[in-house]
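Chemist: The sequence shown runs 51 to 235 under this note's numbering.
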Amino acid sequence: MSVSTLDDRDPIIIYSSDTGWRQSGTTGEHDETSTFTGDAGATAKITFSGGSSIGVFGTIIPGPPPQSAYSIDGGPAVTYIGNPPSTGLRFGQRYFQSPSLPNNDSHTLIITTLVNNATYSLDFIEIIAADSSTTGNVGTFGPSASSPASLRLLLCLVLLCHLLSTLNLLSAWVLLKEVPLLVSF
Numbered sequence: 051m052s053v054s055t056l057d058d059r060d061p062i063i064i065y066s067s068d069t070g071w072r073q074s075g076t077t078g079e080h081d082e083t084s085t086f087t088g089d090a091g092a093t094a095k096i097t098f099s100g101g102s103s104i105g106v107f108g109t110i111i112p113g114p115p116p117q118s119a120y121s122i123d124g125g126p127a128v129t130y131i132g133n134p135p136s137t138g139l140r141f142g143q144r145y146f147q148s149p150s151l152p153n154n155d156s157h158t159l160i161i162t163t164l165v166n167n168a169t170y171s172l173d174f175i176e177i178i179a180a181d182s183s184t185t186g187n188v189g190t191f192g193p194s195a196s197s198p199a200s201l202r203l204l205l206c207l208v209l210l211c212h213l214l215s216t217l218n219l220l221s222a223w224v225l226l227k228e229v230p231l232l233v234s235f
């Protein structure tokens, strides 16, 4: 499994231009940057491929709780309501984590802010990709059975098991051979 982290300033993130997205940042945030808005209906769109899951993280500030919705590939939206601190900032707060997605497909995440006058601050996105050696099927792990490297590995494992079985038989034969000697004393 590999994780790619996209900063809020990454050009893959498309912010709606008709809403009040602004840029800021402070120590404690990823790359010391964040993009924020206090406008309902502001959107951010991320299109990605090669990921089996996506997570959205941000900074929560004191004040009204940020509320946002997350929709993957046009599916039903999942709502997040933040829990603002009374003082200070909460960095790296997970706003959303998708369920498992088909790893080799292209996906689009739409983030929509839901309320006015509550600061929604996007810090970074994590795209998690399943190991490239998996087939993408749930419950299937390791290299594809059809790859030459996999076949060599499988053959080596079979030979090793055979060798270990032979050694166990050989050691059992030696032990059995020793038993009569012990009895004859």
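C-beta atoms are modelled at their ideal positions from N, C-alpha and C, and glycine is treated no differently.
Taking only the alpha-carbon atoms, compute the straight-line gap between Gly101 and Ile63 and give it to the nearest angstrom.
Modeler: The straight-line gap from Cα to Cα measures roughly 15 angstroms.
Chemist: Based on DSSP bridge pairs, tell me the residues matched to Ala119.
Modeler: Ala119 is bridged to Thr129 and Thr162.
Chemist: Determine the direct distance from the alpha carbon of Asp155 to that of Glu79, and round the result to whole angstroms.
Modeler: Using only the alpha carbons, I get a separation of about 30 angstroms.
Chemist: Give the secondary structure of Asp57 by DSSP, where H, G and I count as helix, E and B as strand, and everything else as coil.
Modeler: Three-state result, Asp57: strand.
Chemist: Which residue wins for smallest C-alpha separation from Asp241, given the options Pro61, Thr109 and Ile96?
Modeler: Only positions 51 to 235 of the chain appear in this structure, which leaves residue 241 out of reach.
Chemist: Near Phe107, what residues of its chain come up, given a Cβ to Cβ distance below 6 angstroms and the 5 sequence neighbours on each side ignored?
Modeler: For Phe107, where only same-chain residues beyond five positions count, the Cβ hits under 6 angstroms are Gly142, Arg144, Asp173 and Phe174.
Chemist: To which residues of the same chain is Ile161 closer than 7 angstroms at the C-beta, ignoring the five residues directly before and after it?
Modeler: Taken in chain order, the residues that qualify are Thr93, Ala94, Val106, Ser118 and Tyr120.
Chemist: In chain order, what residues of the same chain have a beta carbon less than 7 angstroms from the beta carbon of Lys227, not counting five sequence neighbours either side?
Modeler: Because the pLDDT at Lys227 is just 48, under 50, the model does not fix this residue reliably, and the value given afterwards should be weighed accordingly. Once the five neighbours on either side are set aside, Lys227 has no close Cβ partner at all.
Chemist: Over the uninterrupted beta strand (DSSP E) stretch that includes Leu172, give me the two end residues.
Modeler: It spans Tyr170 to Ala179 - the beta strand (DSSP E) in which Leu172 sits, taken as one unbroken run.
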